[in-house]
Amino acid sequence: MDAELLRATRAKARRSGRRTLVWKALEAASLAAALAAPLAAWAADAPRRPNIVVILADDMGYADMGSFGGEIKTPNLDALAADGVRFTNFYTHASCSPTRSMLLTGVDTHLNGLGNMDEWTAPNQVGVPGYEGYLNNRVATLPQLLKGAGYHTYMVGKWHMGKAPDQIPAARGFERDFSLLDGAGSYWDMTNFTAASPRSVFTEDGRYLTRLPADYYATKTYTDKLIGFIDDNKADGKPFFAYVSHQAPHDPYHLPRDWRNRHVGEYDKGWDTVRQERLKRQVEMGITPAGTQLSERMWFIPDPIVLAPASRAVLGKKMELYAGMVENLDHHVGRLIDHLKKIGEYENTIFVVFGDNGPEGTDLFKMIAGTPGTRDYLFAASAWSQTHPNAWGDPGSYVAYGPMWAQVSATPFSQYKGWLGEGGIRNALIVGGPAVKRAKGSINHGLMHVADLMPTVLEIAGTNYPKTLAGRELPPLIGKSWTKVLAGQAESPRTDQDYLAWQLFGNHALRQGDWKIRWLYKSLGKGDWELFNLKTDAAERKDLAAERPDKVKEMVALWDGYARANNVILPNRSVFETLEDQLPPRVPDDPGYPPLIFKRQFVPPPDMLAEPKP
851 MDAELLRATR
861 AKARRSGRRT
871 LVWKALEAAS
881 LAAALAAPLA
891 AWAADAPRRP
901 NIVVILADDM
911 GYADMGSFGG
921 EIKTPNLDAL
931 AADGVRFTNF
941 YTHASCSPTR
951 SMLLTGVDTH
961 LNGLGNMDEW
971 TAPNQVGVPG
981 YEGYLNNRVA
991 TLPQLLKGAG
1001 YHTYMVGKWH
1011 MGKAPDQIPA
1021 ARGFERDFSL
1031 LDGAGSYWDM
1041 TNFTAASPRS
1051 VFTEDGRYLT
1061 RLPADYYATK
1071 TYTDKLIGFI
1081 DDNKADGKPF
1091 FAYVSHQAPH
1101 DPYHLPRDWR
1111 NRHVGEYDKG
1121 WDTVRQERLK
1131 RQVEMGITPA
1141 GTQLSERMWF
1151 IPDPIVLAPA
1161 SRAVLGKKME
1171 LYAGMVENLD
1181 HHVGRLIDHL
1191 KKIGEYENTI
1201 FVVFGDNGPE
1211 GTDLFKMIAG
1221 TPGTRDYLFA
1231 ASAWSQTHPN
1241 AWGDPGSYVA
1251 YGPMWAQVSA
1261 TPFSQYKGWL
1271 GEGGIRNALI
1281 VGGPAVKRAK
1291 GSINHGLMHV
1301 ADLMPTVLEI
1311 AGTNYPKTLA
1321 GRELPPLIGK
1331 SWTKVLAGQA
1341 ESPRTDQDYL
1351 AWQLFGNHAL
1361 RQGDWKIRWL
1371 YKSLGKGDWE
1381 LFNLKTDAAE
1391 RKDLAAERPD
1401 KVKEMVALWD
1411 GYARANNVIL
1421 PNRSVFETLE
1431 DQLPPRVPDD
1441 PGYPPLIFKR
1451 QFVPPPDMLA
1461 EPKP
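Going letter by letter, the sequence shown gives residues 851 to 1464 in my numbering.
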């Protein structure tokens, strides 16, 4: 496109208020030009390109699936593992939207717009490029590139990367979508968490929904919609990319009644026993090396043996509900698999399955409700009841399982979601399908990262990551392609000199080879650098910083380089800053922080409202 025409078209779009739609057209034209050469390589007699299905479970722990040592029944996910490869050293980020942003862009969170969670943006990060709180327009997305390469692109489930018309899935490359734009909410209706934003926002095919389907249940509806998308286009022979971003098993634990009582009494024995049982199975499977220790039980979690039987039963019921959430998720994954088999697409489909971060051990309900007597507290009391255990799972109930069971889900690792211990960032990964040439059911211990999805999928699809898009230079990818690993030609996409780094809420960490440094707020950390050798101490029980100051210095230098290269701005306010001494707070209370409580209800443009499709 002529440069002068491009400038004129952009100016006209801005004047007319139609910038988003016009710019999408420009990007499509730019993509078509950028991808013309790779597409030409696909001759008419070339093998059909595979479908690609990425299944993301929200807050599912490393050890929850049966194929990773869990007692939870996940036969469909386990079947994918038996037919593919399990990866034991796969990393995401410590929370929702940062992981999703890297999955879809292959670019570091501090550059792609999710340098912090939108709900917890610190005062010194406000207005800084890379910290917009939504997926910014300086990056290309995986569906954009795949769509330009001849793929159908579908999304169902949780988005959590922006709500404005130019930020929703339809504006970022998805041809069809049914999406929850918020980070969580009810599984039964549109109830959201705060008084300022009481309704969850949904889109379907680029339109904001005024209501949900009559038979809505999140996990079921997402699956129904995706099957419909696939069927609508199956006759044209084009491959598809499906991003199946499930809300489950994120709290609140909502599920149909027939899924709630499948583990009655099973968890009354307590979290210590279940963790030990999971570790034993992991060692027997080869997931975890023999001799691996469990991380220490957190000091604020009681020994279940001191609790009365009735207390253990009530706490055990919370884990029963969580197990039901995971099993219901597995059931609907099975429905998708069965449908693909029915229409003859299963054998030509690559499946990638993992959790978006560690399990949730923080009391999110308490954080949302805030101080008694406040507006949010009153809203939570009316919209989210802490009901009798017999009603847990119903609309309006709010149940989460707490830090004791989060540690079980993260077996054998330390900590959980939000933190940079291994339990917060290491996830179970399953990959299966025609790109996998390794032995079926095998286990790989290579160092993998969620940002690797972009280069891997592009290579499988037969296209490339462009240097520019719509006249703007794209940031470099941080991921490494898995194709040689999947083909059995390499054990890892990384050398021992490559490293991975994280920063979220002020906590920061770096892993290189078997070594890891982390800086965490007290009391879950030391407020200083710690050093661990993950080969001998996967549970991060022994801090070696005092013994190896040379190694700490070496790795901190790597961290500093990472921070400079990726615009890392440590927050001057953190959700964890007063954890060590909650009463009294270490700093004066600032009613303007966190900004979550002041996030207003998003109101879609009236001309973009729509009823749900049948």
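Even for Gly, the Cβ is constructed at its ideal location relative to N, Cα and C.
Margin query: Closer than 8 angstroms is the cut-off here; do at least three beta carbon pairs connect the segment 1325-1334 with the segment 1010-1026?
Written below: No, because fewer than three Cβ pairs between the segment 1325-1334 and the segment 1010-1026 fall closer than 8 angstroms, the two stretches do not touch.
Notebook entry, point to check: If residue 1312 and residue 999 are in contact, beta carbons under 8 angstroms, what's the gap, nearest whole angstrom?
Noted result: Confirmed, about 7 angstroms.
Check: In three-state terms, what does DSSP make of residue 871?
Finding: In this predicted model, residue 871 has a pLDDT of only 43, less than 50, meaning its place in the structure is not dependable; the value taken from the coordinates is given anyway. Here residue 871 sits in helix by DSSP.
Notebook entry, point to check: How many Å lie between residue 1350 and residue 1096 at the Cα?
Noted result: In this structure, the CA atom of residue 1350 is about 26 angstroms from the CA atom of residue 1096.
Check: In the structure shown, what three-state DSSP assignment does residue 1374 receive?
Finding: Of the three classes helix, strand and coil, the one that applies to residue 1374 here is coil, per DSSP.
Next item on the list: Taking all protein chains shown into account, decide if residue 1228 is buried (16 or more other Cβ within 10 angstroms of its Cβ) or exposed.
Entry: It is exposed - the Cβ of residue 1228 has fewer than 16 other Cβ atoms within 10 Å.
Notebook entry, point to check: Just how far apart, CA to CA, sit residue 1175 and residue 1098?
Noted result: In this structure, the alpha-carbon of residue 1175 lies about 6 angstroms from that of residue 1098.
Check: Helix or strand or just coil, what does DSSP make of residue 1456?
Finding: Residue 1456 falls in the helix class under three-state DSSP.
Check: In chain order, what residues of the same chain lie with their CB nearer than 7 angstroms to the CB of residue 854, ignoring the 5 residues before and after it?
Finding: Only weak support exists for where residue 854 lies, its pLDDT of 45 falling under 50; the coordinates are left without a value.
Next item on the list: Please check the pair residue 1210 and residue 1104, which I expect to be a contact at CB under 8 angstroms, by giving their CB distance rounded to whole angstroms.
Entry: The distance from the Cβ of residue 1210 to that of residue 1104 is about 14 angstroms, inconsistent with a contact at the 8 angstroms cut-off.
Notebook entry, point to check: By Cβ distance, which residues of its chain are closer than 6 angstroms to residue 1279, with the 5 residues on each side in sequence left out?
Noted result: Once the five neighbours on either side are set aside, the close Cβ partners of residue 1279 are 937, 940 and 1204.
Next item on the list: Identify every run of the beta strand (DSSP E) within the segment 1289-1359, keeping only runs that are complete inside it and at least 3 residues long; order them along the chain.
Entry: Counting only runs of 3 or more, we get 1292-1299 and 1349-1354.
Margin query: In chain order, what are the residue ranges of uninterrupted beta strand (DSSP E) at least 3 long that sit wholly in the segment 991-1051?
Written below: Complete beta strand (DSSP E) runs here, min 3: 1002-1008 and 1026-1030.
Check: What alpha helix (DSSP H) runs, 4 residues minimum, are completely inside the segment 1101-1146?
Finding: The qualifying runs are 1121-1135.
Note to self: For the pair the segment 1026-1036 and the segment 1340-1354, tell me if three or more CB-CB distances fall below 8 angstroms.
What the structure shows: The answer is no - the segment 1340-1354 does not touch the segment 1026-1036, with fewer than three Cβ pairs under 8 angstroms.
Notebook entry, point to check: Where does residue 1300 land, buried or exposed, given buried means 16+ other C-beta within 10 angstroms?
Noted result: Using a 10 angstroms sphere on the CB of residue 1300, the tally of other CB atoms reaches 16 or more, which defines it as buried.
Note to self: Using 8 angstroms as the cut-off, can you tell me whether the segment 987-994 makes contact with the segment 1055-1074, which would need three or more C-beta pairs spanning the two stretches below that distance?
What the structure shows: Because the criterion of three Cβ pairs below 8 angstroms is not met, the segment 987-994 and the segment 1055-1074 do not touch.
Next item on the list: For residue 1341, count neighbouring C-beta atoms within 10 Å of its own C-beta (all shown protein chains included) and say buried if the count is 16 or more, exposed if not.
Entry: Its Cβ having fewer than 16 others within 10 Å, residue 1341 is exposed.
Check: Which value, in whole angstroms, describes the spacing of the CA atoms of residue 1143 and residue 1316?
Finding: Inter-residue distance for residue 1143 and residue 1316 is about 45 angstroms (C-alpha atoms, whole angstroms).
Margin query: Only counting the same chain, and skipping five residues up and downstream in sequence, which positions put a Cβ closer than 6 angstroms to that of residue 1297?
Written below: Excluding positions up to five away in sequence, the list reads 939, 1342 and 1344.
Check: DSSP puts residue 1173 in a beta bridge; with which residues?
Finding: Bridge partners of residue 1173: none, in fact.
Check: Do residue 1394 and residue 1384 have their C-beta atoms closer together than 8 angstroms?
Finding: Taking 8 angstroms as the Cβ cut-off, residue 1394 and residue 1384 do not qualify as a contacting pair.
Notebook entry, point to check: Of all the options 1208, 1352, 1429 and 1454, which has the alpha carbon lying nearest to the alpha carbon of residue 1411?
Noted result: Selected option, being the one with the closest Cα: 1352.
Margin query: Just to confirm the assignment, what range does the beta strand (DSSP E) spanning residue 1282 have?
Written below: For residue 1282, the uninterrupted beta strand (DSSP E) run begins and ends at 1276-1282, by DSSP.
Item checked: Pairwise C-alpha distance: residue 1285 and residue 1356 -> Approximately 38 angstroms between the Cα atoms of the pair.
Notebook entry, point to check: Ends of the beta strand (DSSP E) at residue 962?
Noted result: According to the DSSP assignment, residue 962 belongs to no beta strand (DSSP E) but to the alpha helix (DSSP H) extending over 959-962.
Next item on the list: Please classify residue 1435: is it buried, with 16 or more other beta-carbons within 10 angstroms of its beta-carbon, or exposed?
Entry: Low per-residue confidence applies at residue 1435: pLDDT is 41, beneath 50, and the placement is therefore not dependable, though the value from the model is reported in the following sentence. The residue in question, residue 1435, is exposed, as its Cβ has fewer than 16 Cβ neighbours within 10 Å.
Note to self: With the cut-off set at 8 angstroms, would you say residue 1368 and residue 1261 are in Cβ contact?
What the structure shows: Cβ atoms of residue 1368 and residue 1261: not closer than 8 angstroms.
Check: residue 938 by DSSP, collapsed to three states: which one?
Finding: Strand at residue 938.
Notebook entry, point to check: Considering only residues of the same chain and omitting the five flanking positions on each side of residue 1048, which have a CB-CB separation below 6 angstroms?
Noted result: Answer for residue 1048: 1042, listed in chain order.
Check: What's the call for residue 1422, buried or exposed, on a 16-neighbour Cβ count within 10 Å?
Finding: Looking at its Cβ environment, which holds fewer than 16 other Cβ atoms inside 10 Å, residue 1422 is exposed.
Next item on the list: Go ahead and pull the three-state DSSP assignment for residue 1095.
Entry: Strand at residue 1095.
Note to self: Considering only the alpha carbon of each residue, which of 1450, 1112 and 1273 lies closest to residue 1374?
What the structure shows: Closest in C-alpha terms to residue 1374, from the list 1450, 1112 and 1273, comes 1273.
Notebook entry, point to check: Hey, would you say residue 1207 sits closer than 8 angstroms to residue 942, going by beta carbons?
Noted result: Yes, they are a contact pair.
Note to self: Alpha carbons only, please: which of 959, 1283, 956 and 1235 is nearest the one belonging to residue 931?
What the structure shows: Closest by alpha carbon: 1283.
Next item on the list: Within the same chain, show all residues whose beta-carbon is closer than 7 angstroms to that of residue 1109, passing over the 5 residues directly before and after it, in chain order.
Entry: Excluding sequence neighbours, residue 1109 sits near 1174, 1177 and 1178.
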